[in-house]
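Enquirer:
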Amino acid sequence: MRTISFVERLELEFYDEVCDNQQQQALPWNLCQQAIALGDADNDDSNELAVGTVSGRLLIYKGHGHTAWRTSHDKLGMITCVTIGDVCNKKQNNVFVLSADGWCNIFHIPPSSPEEVQAPVLSNEIYSMHRQHLSPNSKLLKLVDIDSNGGIIIAVGFSDRVVRTYRWYQYLDGKGGELAILNKWALTAQIGSLSLKPTADNTSFELVVGQPGSTYVTLFQNGHIAYNGPECCKTHSETVSAEVVSNVHTGDGRSCFAMSTLDGSIMLMDYSGEIIYENSVDHQLFGLTKLDITGDGLEEAIVCSWDGETYIFNANKQIAKFQFDERTAAFIAGHYSVSSSNEPCLVYVTFSGRIYIYHNVMLAHVHTVSLIEEIDDSEKVKEFLRERNMTDCSREEKKKLYQWCLYGRKPKLCIE
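If you're matching positions, the sequence shown starts at 146 in the working numbering and goes up one per residue.
1. Note down the Cα distance separating residue 302 from residue 308, rounded to an integer number of angstroms.
2. Applying the criterion that 16 or more other CB atoms from any shown protein chain within 10 Å of the CB defines a buried residue, is residue 560 buried or exposed?
3. Using alpha carbons as the reference points, say which of 517, 208 and 533 lies closest to residue 490.
4. Would you kindly work out how many angstroms separate the C-alpha atoms of residue 243 and residue 216, rounded to a whole number?
5. Which of the three DSSP states, helix, strand or coil, is assigned to residue 226?
6. Sorted by chain position, which residues of the same chain lie with C-beta nearer than 7 Å to residue 297's C-beta, five sequence neighbours on each side aside?
7. Could you pull the start and end residues of the alpha helix (DSSP H) that residue 548 belongs to?
8. Can you check whether the CB of residue 254 is closer than 8 Å to the CB of residue 240?
9. Enumerate in chain order the residues of its own chain whose CB-to-CB distance from residue 349 is below 8 Å, with the five nearest sequence positions on each side excluded.
10. Along the alpha helix (DSSP H) that carries residue 516, what are the first and last residues, could you check?
11. Expressed to the nearest angstrom, what Euclidean distance is found between the alpha-carbon atoms of residue 265 and residue 210?
12. Measuring alpha carbon to alpha carbon, tell me which residue in 450, 401 and 546 is nearest residue 427.
13. Starting from residue 154 and walking both ways along the alpha helix (DSSP H), at which residues does that stretch end?
14. Measure how close the beta-carbons of residue 403 and residue 433 come, nearest whole angstrom, since I'm counting them as under 8 Å.
15. What residue from 445, 154 and 183 has the CA that sits closest to residue 504's CA?
16. Pull up the distance between the alpha-carbon of residue 409 and that of residue 272, whole angstroms please.
17. Using only alpha-carbon positions, find the residue among 181, 250, 470 and 527 that is nearest to residue 227.
18. With a CB to CB cut of under 6 Å and the five nearest residues on each side skipped, what residues in its chain are close to residue 396?
19. How long is the line joining the alpha carbons of residue 487 and residue 318, rounded to whole angstroms?
20. Can you name the start and end residues of the alpha helix (DSSP H) that residue 350 belongs to?
21. Do the region 508-524 and the region 466-478 meet, that is, are 3 or more Cβ pairs less than 8 Å apart?
22. Does the beta-carbon distance from residue 203 to residue 194 come in below 8 Å?
23. Please classify residue 543 as buried or exposed, where buried requires at least 16 neighbouring CB atoms within 10 angstroms.
24. Looking only at DSSP bridge pairs, what is residue 340 linked to?
25. Please return the same chain residues whose Cβ sits closer than 6 Å to the Cβ of residue 311, not counting the five positions on each side in sequence.
26. Applying the criterion that 16 or more other CB atoms from any shown protein chain within 10 Å of the CB defines a buried residue, is residue 372 buried or exposed?
27. Drop a sphere of 10 angstroms on the beta-carbon of residue 516, count the other beta-carbons inside from all chains shown, and report buried for 16 or more, exposed for fewer.
28. Under 8 Å Cβ to Cβ from residue 269, same chain only, skipping five residues before and after it: list those, please.
29. Identify whether residue 529 lies in helix, strand or coil by the three-state DSSP scheme.
30. In the region 228-308, which residue ranges form an unbroken alpha helix (DSSP H) of at least 4 residues, counting only runs that do not cross its ends?
31. Going by beta carbon distance, what residues of the same chain come within less than 6 Å of residue 527, once the five residues before and after it are set aside?
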């Protein structure tokens, strides 16, 4: 396993100034794991970070500012889920917030000038443009386009083992609208994650729900449920929660599942349930997601542990490890704009009231590469060997040649 390091990071403030016994104190915010999202909140083509707290505040961070750029002081309740996307199907993004007591709030964030990002404004408060009561006890949220027609559906997983989907419907007079329920599925086990996988004919998508025991279920739009149990994948303890991310591309035109469990198992498997790659670590894992971290157009699966250890693995059975040095309350990977462009990033929220954004987290490759392989890939070295008729030299002879070039030890080669 390759160990990597990232050094470019932002440190954001994530605490509240409160008055206790007539003394001003800074207390860290608390948040749920799903109450954090990356996306273009103000529709300026630059991604922001949105975070919701259990005390009912929404904070949005932008650029390289260390404090919240926009905050909501509305009484939003205990925020459990936050996402950014075109929830109203109006070709513009909004911030969508769900609370534990069932209230959803939709925020429209107006764009700001470049000067406003650099300097404080007189008022940075934002207010909900739509408020509606849905079912309580939400724990997971995902925006999906199931039928590939561009229309966004809101999929919500609840702690009572129910998944519901909603769609925004505009009123006929054009003045507002509301969310209406589309489907409801009742499951037999707790929900670990929500994801999408393509149908067999690749014309649309199906909802996939992670289930305990390294299993998952497929939810169909007609209300049916397909359970994928031990016969489809290697089963672990039925009491250990699992998270699933689907549509991880393998490079040969196909895609597969990535799965992680709370007891430290990570795996990749195809849609038939056959294991492609499996590994086990000594950490409790959460926050499974995917991100193209090598720039080759193919996503790597990324998962974090409670003590900050982060694992990056792909369909080529390659794995790398990054050690974040604090206990982690929430984790997300995606794209964030520090200056002018969106960069791949890893976001960690700590229990000590800090948010760390590691940006520009690019790797040339996930696996460990030896110095000989790196030198062999150099075009100048290839040309040097061709000019001297040394392209047929063995690996051991090339090793001696490189030692001579680097350290001055002249070897005996096949051609002097």
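For each residue, glycine too, the CB sits at the ideal point set by N, CA and C.
Expert: According to the structure data:
1. Within the sequence shown, the letter at position 157 stands for residue 302. Within the sequence shown, the letter at position 163 stands for residue 308. Their backbone Cα atoms lie some 5 Å apart in a straight line.
2. Numbered from its first residue, the sequence shown carries residue 560 at position 415. Low confidence applies to residue 560: its pLDDT is 49, below 50, so where it sits in the model is not reliable enough to give any reading.
3. Position 345 of the sequence shown holds residue 490. Residue 490 has its Cα closest to that of 208, out of 517, 208 and 533.
4. The residue given as residue 243 occupies position 98 in the sequence shown. The residue given as residue 216 occupies position 71 in the sequence shown. C-alpha separation (whole angstroms): 16 Å.
5. The sequence position of residue 226 within the sequence shown is 81, counting from 1. Correct three-state label for residue 226: strand.
6. As a first step, residue 297 is located in the sequence shown; it is residue number 152 there, counting from the start. Within the same chain, residue 297 has close Cβ partners 230, 231, 232, 234, 288 and 290.
7. On the sequence shown, position 403 is the one that residue 548 refers to. First-last of the alpha helix (DSSP H) with residue 548: 540-552.
8. Taking the sequence shown and counting its residues from 1, one reaches residue 240 at position 95. Taking the sequence shown and counting its residues from 1, one reaches residue 254 at position 109. Going by C-beta atoms, residue 240 is nearer than 8 Å to residue 254.
9. Residue numbering aside, residue 349 sits at position 204 when the sequence shown is read from its first letter. Result list for residue 349: 291, 292, 293 and 343, in chain order.
10. By one-based count along the sequence shown, residue 516 stands at place 371. Looking at the DSSP string, the run of the alpha helix (DSSP H) that includes residue 516 is 516-521.
11. To locate residue 265, count along the sequence shown from 1; it is residue 120. To locate residue 210, count along the sequence shown from 1; it is residue 65. Residue placement at residue 265 is poorly supported in this model, since its pLDDT is 48, which falls under 50; the coordinates still yield a value, given next. Each residue's Cα considered, the two are about 10 Å apart.
12. Against the sequence shown, residue 427 aligns to sequence position 282. Ranking 450, 401 and 546 by Cα distance to residue 427 puts 450 first.
13. Working through the sequence shown from its first residue, we reach residue 154 at position 9. Segment 154-158 is the beta strand (DSSP E) holding residue 154; no alpha helix (DSSP H) there.
14. Counted from its first residue, the sequence shown places residue 403 at position 258. Counted from its first residue, the sequence shown places residue 433 at position 288. Going by Cβ atoms, the distance from residue 403 to residue 433 rounds to 6 Å, so yes, they are a contact pair.
15. Taking the sequence shown and counting its residues from 1, one reaches residue 504 at position 359. It is 154 whose Cα lies nearest to the Cα of residue 504.
16. Along the sequence shown, read from residue 1 onward, the residue named residue 409 stands at position 264. Along the sequence shown, read from residue 1 onward, the residue named residue 272 stands at position 127. Answer to the nearest angstrom: the Cα atoms are 41 Å apart.
17. As a working mapping, residue 227 is identified with position 82 in the sequence shown. With distances taken between Cα atoms, residue 227 lies closest to 181.
18. Residue mapping note: residue 396 aligns to position 251 of the sequence shown, counting from 1. 443.
19. Counting from 1 along the sequence shown, the entry for residue 487 is found at position 342. Counting from 1 along the sequence shown, the entry for residue 318 is found at position 173. So the two alpha carbons sit approximately 38 Å from each other.
20. In the sequence shown, the residue the question calls residue 350 occupies position 205. Per DSSP, residue 350 belongs to no alpha helix (DSSP H); it is in the beta strand (DSSP E), 350-356.
21. no
22. Locating residue 203 in the sequence shown gives position 58, counting from the first residue. Locating residue 194 in the sequence shown gives position 49, counting from the first residue. No, they are not a contact pair.
23. Walking along the sequence shown from the start, residue 543 turns up at place 398. Buried, since its Cβ has 16 or more Cβ neighbours within 10 Å.
24. For the purposes of this step, residue 340 is taken as residue 195 along the sequence shown, with counting starting at 1. DSSP, once it has assigned bridges, lists 353 as partnering residue 340.
25. Counted from its first residue, the sequence shown places residue 311 at position 166. The residues are 299, 324 and 326.
26. Here the question's residue 372 lines up with position 227 in the sequence shown. Residue 372 comes out exposed.
27. By one-based count along the sequence shown, residue 516 stands at place 371. Exposed, since its Cβ has fewer than 16 Cβ neighbours within 10 Å.
28. If you number the sequence shown from 1, residue 269 lands on position 124. Closer than 8 Å at Cβ, skipping near neighbours: 213, 214, 215 and 216.
29. In the sequence shown, residue 529 corresponds to position 384, counting from 1. It is helical.
30. 259-263
31. Locating residue 527 in the sequence shown gives position 382, where the first residue counts as 1. Taken in chain order, the list of residues that qualify is empty.
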